[in-house]
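Numbering (my numbering), first residue to last: 404 to 670.
Below, the structure written as structure tokens:
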């Protein structure tokens with residue numbers, strides 16, 4: 404056993420988002436994204452969940468100072484920014500508190516990426532943007548009508564535009580993106596990009612119920628374990644493509660870094 408043990412916390416992998424992030428540690432239903440990510444980075448990085456149900460990018464900017472540790476407290480190695488599911492919510496009763504226009508949504512993402520509190524970290528966090536997943540409108544419509552709403556609150560063709568905005572901001576700022584919308588839609592057989600161009604996209608009422616999207620979206624919005632599994636694979640893929648020295652396999656654990664022995668090693 405070394406005479407001096409390591410002092411201070413591990414670097415953080417900070418997950419910042421809405422309820423999809425908030426629920427990503429829950430293993431009761433099966434595979435959980437954040438739990439799997441923590442297991443992959445065990446004794447290498449601490450995965451911190453800062454998901455807030457109902458939040459949009461405007462809320463994210465407001466709460467960032469409260470959730471981001473100062474450089475003297477902990478180093479943030481990765482920062483995943485995952486918003487858009489609520490920003491794109493067009494319908495009542497939450498439209499006034501959740502909806503954010505695409506220009507404002509895009510600017511909010513830019514402001515998060517370039518935020519002074521993030522830039523204060525040296526080296527700066529490796530930022531990953533995640534686009535909102537698709538919407539399965541048929542299922543949502545059934546629930547909305549059951550709850551007394553006269554129209555569907557969320558539309559996949561609209562969410563697609565927010566996913567496109569995330570991609571544009573990522574390209575503009577040089578920030579890697581996990582395009583969850585496109586990955587899920589490809590599973591459903593869609594190859595038409597972010598615009599319908601006369602052909603109804605899977606997930607829309609016009610296209611009818613999508614069994615594939617429903618298998619990935621628990622209530623038409625939030626992810627199932629299968630959806631979280633894809634998200635996990637895509638995040639690790641982006642890390643491997645952009646920072647191959649930061650994959651779980653490439654990083655050394657506390658045990659390796661500090662020569663910590665196994666309990667059975669008595670030498």
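Backbone N, C-alpha and C fix where the C-beta goes; we use that ideal spot for every residue, glycine too.
- Per DSSP, the beta bridge partners of residue 452 are 418.
- Here the alpha carbons of residue 658 and residue 565 stand approximately 42 Å from one another.
- Assignment of residue 508 by DSSP, reduced to helix, strand and coil, places it in the helix class.
- The closest CA to that of residue 433, considering only 624, 619, 642, is found on 619.
- Excluding the 5 residues flanking it on each side, residue 561 has same chain C-beta neighbours closer than 7 Å at 491, 493, in chain order.
- Note that the C-beta distance between residue 487 and residue 535 is below 8 Å.
- When secondary structure is reduced to three states using DSSP, residue 639 falls in the helix class.
- Under a 10 Å Cβ-count criterion, residue 640 is classified as exposed, with fewer than 16 other Cβ atoms of the shown protein chains found around its own Cβ.
- Bridge pairing for residue 483: 418, 531 [DSSP].
- Secondary structure of residue 564 (DSSP, three-state): helix.
- Here the region 549-558 makes no contact with the region 590-604; the two share fewer than three CB pairs at distances below 8 Å.
- From the listed residues 423, 531, 515, the smallest Cα separation to residue 465 is found for 515.
- Contact between residue 489 and residue 582 is absent: CB atoms are separated by about 18 Å, not below the 8 Å threshold.
- For the set 609, 437, 500, 511, the Cα lying nearest the Cα of residue 541 is the one of 609.
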